[in-house]
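Numbering (my numbering), first residue to last: 4 to 126.
Quick reminder that beta carbons are idealized off the backbone N, C-alpha and C, glycines included.
Computed from a predicted structure; not experimentally measured.
Presented below is the structure to which this report refers.
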Amino acid sequence: MAKILIVEDERDIRSLVAKALSAKGYEVFEASNGYEGWYMLQKEKPDLVILDIMMPVMDGMEVLKKIRNHPEFKEMPVIMLTGKSEDKDILEGYPVGADYYITKPFDIKTVLIGVKMMLGEKI
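Spelled out as structure tokens, the structure:
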């Protein structure tokens with residue numbers, strides 16, 4: 004089953020997503036900020052990253068730029084989680100390399116569908 008890295012500073016959200024994905028059989032890794040997430044990404048080499056935008060230490064856009072500029076990870080699918088719901092905020096991430104956006108608050112089913120889509124799995 005696919006390996007998924009969740010990078011989210013809000014523990015409750017991170018835990019909710021991790022439990023839902025683990026229950027579906029995914030191997031899940033967690034990080035609480037962008038710096039820790041970048042480290043985990045290099046160590047675990049996940050198949051997909053779920054990345055919050057607004058985080059301490061290193062924000063999600065910085066991590067996304069690092070992913071897209073790294074030869075080993077540049078094709079890795081990235082789902083962005085954001086509390087920002089205005090179109091201009093969401094559109095900012097697509098040129099940087101975001102593959103999919105989920106706005107908070109969200110239904111966990113939306114995350115599961117997004118993961119399946121990004122991994123090319125049957126929905």
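Quick one: what does DSSP say residue i is sitting in, helix, strand or coil?
| i | result |
| --- | --- |
| Tyr179 | Residue 179 is absent from the structure shown; the chain starts at 4 and stops at 126. |
| Ile126 | coil |
| Tyr29 | coil |
With a cut-off of 8 Å on the beta carbons, I'd call residue i and residue j a contact; round off their distance for me.
| i | j | result |
| --- | --- | --- |
| Asp50 | Ala5 | 4 Å |
| Leu35 | Asp12 | Contrary to the premise, residue 35 reads as Ser rather than Leu in this sequence. Their Cβ separation, rounded to whole angstroms, is 5 Å, which keeps Ser35 and Asp12 in contact under 8 Å. |
| Ile70 | Phe76 | 5 Å |
| Tyr103 | Met121 | 6 Å |
| Val99 | Ile53 | The Cβ separation is near 16 Å, so there is no contact. |
| Leu8 | Leu44 | 6 Å |
| Tyr38 | Met61 | 5 Å |
| Val66 | Gly40 | 6 Å |
| Leu115 | Lys27 | 7 Å |
What does the Cβ neighbour count give for residue i, buried or exposed, with the cut at 16 atoms within 10 Å?
| i | result |
| --- | --- |
| Pro59 | exposed |
| Thr85 | buried |
| Asp110 | exposed |
| Ile56 | buried |
| Pro80 | buried |
| Leu24 | buried |
| Gly123 | exposed |
Check whether the Cβ of residue i sits closer than 6 Å to any heavy atom of the ligand ADP, and report yes or no.
| i | result |
| --- | --- |
| Glu124 | Among the components modelled here there is no ligand, and therefore nothing to report on the ligand ADP. |
Let me check one thing: in DSSP terms, what residues is residue i bridge-paired to?
| i | result |
| --- | --- |
| Lys46 | DSSP lists no partner for Lys46. |
| Val20 | Paired residue(s): none; Val20 is not in a bridge. |
Every unbroken alpha helix (DSSP H) inside the stretch 48-89 [4 residues or more]: List check, alpha helix (DSSP H) in window: 63-72.
Segments assigned alpha helix (DSSP H), at least 4 residues, entirely inside the stretch 88-120: Counting whole runs of 4 or more residues, the stretch 88-120 contains the alpha helix (DSSP H) stretches 90-99.
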